[in-house]
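**Student:**
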Amino acid sequence: MSDLCKEIANMGKGIGNENRYRILEALMKGPLAVGDIAKKVNIPQPAVSQHLKVLKSANLVEDERQGQEVLYSVNVSYMASLLKKLATDLPKHNK
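Under the working numbering, residues 67 to 161 are what the sequence shown spells out, in order.
1. Using the C-alpha atoms, what's the distance from residue 119 back to residue 139?
2. Please report the straight-line C-alpha distance between residue 144 and residue 135, rounded to a whole angstrom.
3. In angstroms with no decimal places, state the Cα-to-Cα distance between residue 87 and residue 72.
4. Got a sec, what are the start and stop residues for the alpha helix (DSSP H) residue 121 sits in?
5. Using 8 Å as the threshold, is the C-beta distance between residue 123 and residue 100 below it?
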């Protein structure tokens with residue numbers, strides 16, 4: 067399996083769960099702390115933490131410490147680079 071296919075499969079795993087998709091939707095509006103995410107998507111905080119771990123391992127989410135808080139945000143640069151790779155490599159496979 068090519069690296070690109072592995073990345074796409076990993077991304078699919080990340081967004082393949084409704085709760086993780088809802089978390090990503092909330093983060094698309096801006097960075098949030100775990101507690102704020104839990105309130106917005108109505109999921110217990112420990113579950114949000116587990117979902118964020120999966121999203122981070124898929125490179126879909128990144129975190130940044132600000133004081134005592136950790137803010138999570140969508141990893142836009144990774145998603146953009148993955149889409150660019152897909153747009154570049156896909157035509158090669160259709161020939």
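We put the CB at the ideal spot given by N, CA and C, even for glycine.
**Tutor:** With the structure as the only source:
1. 13 Å
2. 23 Å
3. In a straight line, the C-alpha of residue 87 is about 19 Å away from that of residue 72.
4. 111–123
5. no
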